[in-house]
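The next block holds one structure in the form of C-alpha cells; read it before the comments.
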Amino acid sequence: MMRIVLLGQPGSGKGTQAQRLAAAQGIPRLTTGEMLRVAVRDGAPLGKDAKRYMERGDLVPDQLIVALMQERMGTADCARGYILDGFPRTRVQAEALDAMLTTVGAALQHVLLLEVDEAEIRRRLSGRRECPKCGSTFHLTAQPPKVAGVCDRCQTALVQRPDDQEATIARRLAVYVRETKPLIGYYEARGLLRRVTAPGGPDEVFRAISSLITMGP
Ligand code: AP5
Numbered sequence: 389m390m391r392i393v394l395l396g397q398p399g400s401g402k403g404t405q406a407q408r409l410a411a412a413q414g415i416p417r418l419t420t421g422e423m424l425r426v427a428v429r430d431g432a433p434l435g436k437d438a439k440r441y442m443e444r445g446d447l448v449p450d451q452l453i454v455a456l457m458q459e460r461m462g463t464a465d466c467a468r469g470y471i472l473d474g475f476p477r478t479r480v481q482a483e484a485l486d487a488m489l490t491t492v493g494a495a496l497q498h499v500l501l502l503e504v505d506e507a508e509i510r511r512r513l514s515g516r517r518e519c520p521k522c523g524s525t526f527h528l529t530a531q532p533p534k535v536a537g538v539c540d541r542c543q544t545a546l547v548q549r550p551d552d553q554e555a556t557i558a559r560r561l562a563v564y565v566r567e568t569k570p571l572i573g574y575y576e577a578r579g580l581l582r583r584v585t586a587p588g589g590p591d592e593v594f595r596a597i598s599s600l601i602t603m604g605p
C-alpha cells in the first residue's frame with residue numbers, strides 16, 4: 389500500500405515522476421491539472437468553472453478540487469494506493485486530504501518535494517510539449533519524443549500548454565510561493581517530507597526517488 393504526494397513548483401517534474409512511479413508501483417496517478425484539462429476539453433461543468441482560473445495561472449477554488457478528489461479517491465482502482473500529483477496545493481486542501489484519509493483509516497507514506505532552481509524551471513516549462521489525448525509529457529531537448537512533434541504512446545500531435553506562456557508561468561510561480569510552499573512546513577512537522585534534489589534528468593531523479601521510498605520513513 390503506497391500513498392505518495394508529489395510536491396514542487398510548476399515544472400519541477402511532478403508529472404514526469406508521477407507517471408514513472410505509478411507504472412513502477414502498479415497504482416494510479418491522480419494528476420489534478422490533467423483531470424481539470426480533460427474537463428475543460430470535454431466542456432464538463434467542472435471545466436467551465438475551472439478554465440478562467442487555469443488560463444490566468446491561478447488556483448481553482450478549493451471546494452471544487454476537494455470534491456473532485458473525494459470522488460476520484462473513492463474509486464476502486466485507488467484501493468491499493470495512489471500517487472497524488474498536484475494535490476494538495478493549499479492548506480485547506482491538505483487538511484481535507486487528512487480528513488479523507490482519517491475517514492478510511494489510511495495514511496500517507498511519503499511527501500516528496502522536487503527541488504529545482506528557477507532558471508531550470510523556466511527552461512523546462514518553455515520547452516514542454518504535451519499529448520492532448522493521453523497526457524504524456526515531453527521536452528523539446530531534455531525528453532524529446534521519438535518522432536518530433538508526435539506522442540510516443542498514441543501518435544497524437546503534441547501541443548504547448550496555454551499556461552506555459554511566459555507571463556502565466558510567472559504568475560504560477562508566485563501562486564506556488566504564496567499558497568503551496570507553506571505545505572513544506574506542514575508535512576515536515578509530520579515527519580513525512582523527503583527532499584529530492586537530484587539535478588540530473590528524469591532517469592536520475594527517478595532513481596533518487598526510488599531509493600528514498602524504499603528506505604521508508
Ligand atoms: P498542473 O498541471 O498541476 O501544473 P503545475 O503544478 O504548474 O505543474 P506542471 O504540470 O506545470 O509541472 P510538473 O511539475 O508536473 O512538471 P513536468 O513533469 O510536466 O496544474 C495546472 C493548473 O491547474 C494550475 O495552475 C491550477 O490552475 C489548476 N490546478 C491543478 N491542481 C490544482 C489544485 N490542487 N488546486 C487548485 N488548482 C489546481 O515537467 C516539466 C517539463 O520538464 C517537461 O517538459 C518534462 O519533460 C521536463 N522535465 C521533467 N523532469 C526533468 C528533468 N529531471 N530534467 C530535465 N527536464 C525534465
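Numbers in my numbering are just positions in the sequence shown, counted from 1, shifted up by 388. Beta carbons are placed, not taken as given, at the ideal position from N, Cα and C, and that holds for glycine. Only a predicted model underlies this, so the values are computations on that prediction, with no experimental measurement involved.
Point to revise | For Tyr564, the first and last residue of its enclosing alpha helix (DSSP H) | key: Per DSSP, Tyr564 belongs to no alpha helix (DSSP H) and is neither H nor E.
message = Between the alpha carbons of Ala586 and Phe594, how many angstroms are there, rounded?
response = Answer to the nearest angstrom: the Cα atoms are 9 Å apart.
field: Supposed close pair Asp473, Gly403 - CB separation, criterion 8 Å
entry: 6 Å
For ligand 1, is there a heavy atom less than 7 Å away from the beta-carbon of Val538? no
**Prompt:** Does any heavy atom of ligand 1 sit closer than 7 Å to the C-beta of Ala530?
**Reply:** yes
In the DSSP assignment, find the unbroken alpha helix (DSSP H) run with Leu409 in it and report its ends.
-> Leu409 -> alpha helix (DSSP H) spans Lys402 to Gln413.
(Q) Here's a check: name, in chain order, each residue in its chain whose Cβ is nearer than 8 Å to the Cβ of Leu600, leaving out the five neighbours to either side. (A) His498, Leu500, Arg582 and Val584
So if DSSP puts Gly396 in a beta bridge, which residue, or which two residues, is it bridged to?
DSSP lists Leu502 as partners of Gly396.
Quiz item: Nearest to Tyr575 by alpha carbon, out of Thr490, Arg479 and Val538?
Solution: Residue Arg479 is the option with its Cα nearest to Tyr575.
Given 7 Å as the limit, tell me if Ile392 has its C-beta closer than that to any heavy atom belonging to ligand 1.
no
Would you call Pro398 buried or exposed, if buried means 16 or more other Cβ atoms sit within 10 Å of its Cβ? The residue is buried, with at least 16 neighbouring Cβ atoms inside 10 Å.
C-alpha gap between Ala596 and Leu395, whole angstroms = 15 Å
Smallest Cα separation from Gly523: which of Ala577, Gln407, Met389 and Asp430? Gln407
Self-check item: Residue range of the unbroken beta strand (DSSP E) whose run includes Gly469
Solution: Gly469 to Asp473
Practice task
Compute the Euclidean distance between the alpha carbons of Met488 and Ala536, then round it to the nearest angstrom.
Solution key: 42 Å
| said: Helix, strand or coil for Met389? Go by DSSP, reduced to three states. | reply: coil
Review point. In the DSSP assignment, what residue or residues form a beta bridge with Phe526?
Key: Arg517
Report yes if the CB atom of Leu418 is closer than 8 Å to the CB atom of Met442, and no otherwise. no
* To do: Check the DSSP bridge columns for Val538 and list the partner residues they point to.
  => Paired residue(s): Ala545.
Tell me the DSSP secondary structure of Arg560 in three-state form. In this structure, DSSP gives Arg560 a helical state, which the three-state scheme calls helix.
Between which two residues does the alpha helix (DSSP H) harbouring Thr420 extend? Thr420 to Asp430
Can you tell me where the beta strand (DSSP E) holding Val454 begins and where it ends? Note, Val454: premise wrong, no beta strand (DSSP E); alpha helix (DSSP H) at Asp450 to Met461.
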